[in-house]
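K.L.:
There are 2 protein chains.
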Amino acid sequence: MDEFQFIQSIQPSYYRQSTLIKGVSDDAAVFRPTDKDVVTAVDTMVEGVHFSRKTMDPYHIGYRVLAANLSDLAAMASSPAFYLVSIVIPQGWSEQELEELYTGMQELASFYQMDLIGGDTVSGSELSISITVIGYVEKDRARYRSQAEPGDVVFATGTLGDSRAGLEILLNGSSGEASETFFIERHRMPDPRVSFALELEGIPRIALNDISDGVANEANELGEASRVDLHLDMDRLPFKSSIKDLFPDTYKDWMLSGGEDFELVGTVEESLWPKVQQAAKKAGVKVCQIGYVQAMKKKDPHVYLHEGEKKNVLTKSGYTHLNKKGE
Amino acid sequence: MDEFQFIQSIQPSYYRQSTLIKGVSDDAAVFRPTDKDVVTAVDTMVEGVHFSRKTMDPYHIGYRVLAANLSDLAAMASSPAFYLVSIVIPQGWSEQELEELYTGMQELASFYQMDLIGGDTVSGSELSISITVIGYVEKDRARYRSQAEPGDVVFATGTLGDSRAGLEILLNGSSGEASETFFIERHRMPDPRVSFALELEGIPRIALNDISDGVANEANELGEASRVDLHLDMDRLPFKSSIKDLFPDTYKDWMLSGGEDFELVGTVEESLWPKVQQAAKKAGVKVCQIGYVQAMKKKDPHVYLHEGEKKNVLTKSGYTHLNKKGE
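Just so you know, the sequences run in chain order A and B.
If you're matching positions, the first sequence starts at 18 in this note's numbering and goes up one per residue.
If you're matching positions, the second sequence starts at 18 in this note's numbering and goes up one per residue.
(1) Is the shortest distance between the beta-carbon of A:S35 and the beta-carbons of chain B less than 8 Å?
(2) Starting from B:E202, trace the alpha helix (DSSP H) in both directions and tell me its first and last residue.
(3) Which one or two residues does DSSP pair with A:D43 in a beta bridge?
(4) Given that B:V282 touches chain A, what residues does it touch there, using C-beta distances under 8 Å?
(5) For A:G219, collect the residues of the same chain with a Cβ closer than 8 Å to its Cβ; drop the 5 residues on either side in sequence, then sort them by chain order.
(6) Can the beta-carbon of A:V63 be found less than 8 Å from the beta-carbon of A:E143?
(7) Could you tell me which chain A residues have their CB closer than 9 Å to the CB of B:E143, listed as they occur along the chain?
(8) Cβ of B:N226 within 8 Å of Cβ of B:L215?
(9) Just to confirm my understanding: we take A:Q130, look at its own chain, exclude 5 residues before and 5 after, and list those with CB closer than 6 Å. What are they?
(10) From A:A98, A:Q108, A:L125, A:W110, pick the residue whose C-alpha is nearest to that of A:D7; which is it?
(11) Let me know the secondary structure DSSP gives A:G343 once reduced to three states.
(12) Please name the residues in the segment 35-52 of chain B whose beta-carbon is closer than 8 Å to at least one beta-carbon of chain A, in chain order.
(13) Any idea what DSSP makes of B:K292, helix, strand or coil?
(14) State the start and end residues of the unbroken alpha helix (DSSP H) segment that holds A:Q113.
(15) Strictly under 8 Å for the Cβ-Cβ distance: is A:D252 near chain B by that measure?
(16) Across the segment 246-259 of chain B and the segment 46-61 of chain B, are there enough close Cβ pairs to call them in contact, namely three or more that are closer than 8 Å?
(17) Output yes if chain B places a C-beta closer than 8 Å to the C-beta of A:G136; else output no.
(18) Residues of chain A with CB under 8 Å from B:Y161, in chain order?
(19) For A:F213, which of helix, strand or coil comes out of DSSP?
(20) Taking 8 Å as the threshold (C-beta atoms), are B:T72 and B:L184 in contact?
(21) Mapping DSSP to helix, strand and coil, what is B:A85?
(22) Once the 5 residues before and after A:P107 are set aside, which same chain residues still bring their CB inside 7 Å of it?
(23) For the segment 86-114 of chain B, which residues have a beta carbon sitting closer than 7 Å to at least one beta carbon of chain A?
(24) Which parts of the segment 228-284 of chain B are runs of the beta strand (DSSP E), unbroken and 3 residues or longer, counting only runs that do not cross its ends?
(25) Does the beta-carbon of B:T57 have 16 or more other beta-carbons within 10 angstroms, so that it is buried, or is it exposed?
(26) Among the candidates B:D278, B:I186, B:R210, B:T120, whose CA atom is the shortest distance from the CA of B:K299?
(27) What residues in its chain sit with their C-beta under 8 Å from that of B:Q294, if we drop five residues either side in the sequence?
(28) Taking the Cβ atom as the reference point for each residue, do B:H204 and B:Y321 lie within a distance shorter than 8 Å?
(29) For A:S96, does the count of other Cβ atoms within 10 angstroms reach 16, so buried, or fall short, so exposed?
(30) If you follow the beta strand (DSSP E) that B:I146 is in, where does it begin and where does it stop?
(31) So with Cβ pairs under 8 Å, would you call B:N189 a contact of chain A?
(32) Between B:D278 and chain A, is there a C-beta pair that is closer than 8 Å?
(33) Are there 16 or more other CB atoms within 10 angstroms of the CB of A:A195, so buried, or fewer, so exposed?
(34) Taking buried to mean at least 16 other C-beta atoms within 10 Å of its own C-beta, is A:D317 buried or exposed?
(35) Name, in chain order, the residues that DSSP records as bridge partners for A:D60.
(36) If you measure between the beta carbons of A:A236 and A:R160, is that distance less than 8 Å?
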């Protein structure tokens, strides 16, 4: 099978989105947003940098790269609609592996009724996949990092540190604990929080950010964009109980900066926090308060991590250092 | 400069498109098409496959990869609006080279008033650039390959084979002819026919395809999509006179299948052909008739190449073979 045949073989035989006018059969795709805002993002993963064949089957690679993209759409509270795939394929990859990779992508896409509307398949020396996703959101309802305000509740979905724990198990071997399967799955097939984000629609103002690099990083991004301080409570950060048993020395660090959990962190005014909890319930997602927002105390925004009586500055990389005198 | 700093440094300080709501400062970009159709395509280029540092400076690489994408938008007659860039950077690339690459892209983008609205910069072992472009077109005015009809004039813009000639000069050294500069420029900095395509707006039906793989391939794509036969006249294919002097033995092949000229090939009903010529004049682009469309004579569409008294079947790859008896 040559490149052309392969592209033919992955061409959709039908489309799901009613706003699509032209799919992959021309120089470009055409769609007609009906009174909606359009949301778009791109994400690239390279073998040996973002994943390895040691820890991922082709199916997982395809699944995960699309999931990472969908997580960006979720963080804007937009409905996934289309995706375009560009893939650089090295010689070592068989036709079957390539099909598995696409199957991983297509399964997730079909769950969200997404259509593949463009792509490019080229040869190269290392596997690299770049996906552009396109989604819709009601006018002026995209959720920005800049929408946090003093007094807001800070919340997070799901549990943190799971993906990093899963990677550890995959790299260093299983100890045979049944609970390990959960973490491996979380690493290979993350579940973007699209449904939860869409359930928030009735809430006028909400700040959202997806947790791709660790909540320490993302909380700082929220603070910077909104020019506020965030106070997080270490004891409220959500974790799966078995992560503490399996990795007692490292799980706290992984919760803060393990990354790639693809959960959401956000802020909402206190009176509407119950609505966020209801939305989570409807979407079948866990959500919990992890802190609160305060007006900036210094000339730059900061994130503080409280643990018992201690209060430390939390940097983007998850490093904490003692609050300087008078802060 | 680390990756993060680099991304910061290429972030636009302002945006040009009035329909953009959120640029690169969040999880995704947001725009609001005002009563238009949206057109999108992706194109990827890999060092060593699609270009080499021997024949291209970083500036040219950036310029050319965006030009190839814009050519897809031109083939749909859509106005360029946004682009997202994903780039895999190997260790050997310096910060300065990277900036030059982006400068090449930005210069072309700013000519078309395009905004960079997303991107991902990751490390890897070989340079690969993937661009997603987004454009607008009036509702139901995108130009498809499937719109050719019997009786149509087949036309092509510009001159053909230039890019291949430029590559030849770059690879095998210059003979010192002044005319060589033209071909080198055509290879490194192709000029997508956006303005010409937009000038065609008043014409109700027109088929368009961009010449990225050679007119032999693209004419076959038009024929297949429209289920018609195309008859091309070798003597009418447009070429720069100096290509015949420089490459007398190969220029005809290159015109048919050299590829990457990023001109447009299209068809229009005969009565409106003068309007196409006027559009070209307004856009400052050369256009000429290269053949005509006929109803399918066999059960599949064919492209025929006429040269003097001879009439051959022209395959996608540019190979010609004698018409079988009775055809």
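Positions of the beta carbon are idealized from the N, C-alpha and C atoms, including for glycine.
None of these values were measured; they are calculated from a predicted model.
P.N.:
Reading off the structure:
(1) no
(2) First-last of the alpha helix (DSSP H) with B:E202: 197-205.
(3) Looking at the DSSP assignment, A:D43 forms no beta bridge with any residue, so it has no partner.
(4) Chain A residues near B:V282: none, gap ~11 Å exceeds 8 Å.
(5) Closer than 8 Å at Cβ, skipping near neighbours: K292.
(6) Yes, the Cβ-Cβ distance between A:V63 and A:E143 is below 8 Å.
(7) V105, G141, S142, E143, S145
(8) no
(9) R33
(10) Shown here, chain A extends from 18 to 344; a query on residue 7 of chain A therefore has no answer.
(11) Bear in mind that a pLDDT of 40 at A:G343, under 50, signals an unreliable position, so the number given afterwards is only what the model happens to contain. Reduced to three states, the DSSP call for A:G343 is coil.
(12) Look at the segment 35-52 of chain B: the residues with a C-beta under 8 Å from a C-beta of chain A are I38, K39, S42, D43, D44, A45, A46, V47, F48, R49, P50.
(13) helix
(14) 112-128
(15) Answer no: the Cβ-Cβ gap between A:D252 and chain B never drops below 8 Å.
(16) no
(17) Chain B, which has a Cβ nearer than 8 Å to the Cβ of A:G136, makes this yes.
(18) Neighbours of B:Y161 on chain A, chain order: K39, D43.
(19) Reduced to three states, the DSSP call for A:F213 is helix.
(20) yes
(21) helix
(22) Around A:P107: G141, S142, E143, L144.
(23) D89, L90, A92, M93, L101, S103, V105
(24) 245-250
(25) buried
(26) Nearest to B:K299 by C-alpha distance, out of B:D278, B:I186, B:R210, B:T120, is B:R210.
(27) V304
(28) No, they are not a contact pair.
(29) buried
(30) That run of the beta strand (DSSP E) goes 145-155.
(31) no
(32) At a cut-off of 8 Å between beta-carbon atoms, B:D278 makes no contact with chain A.
(33) exposed
(34) Per the 10 Å Cβ criterion, exposed.
(35) A:I148
(36) No, the Cβ-Cβ distance between A:A236 and A:R160 is not below 8 Å.
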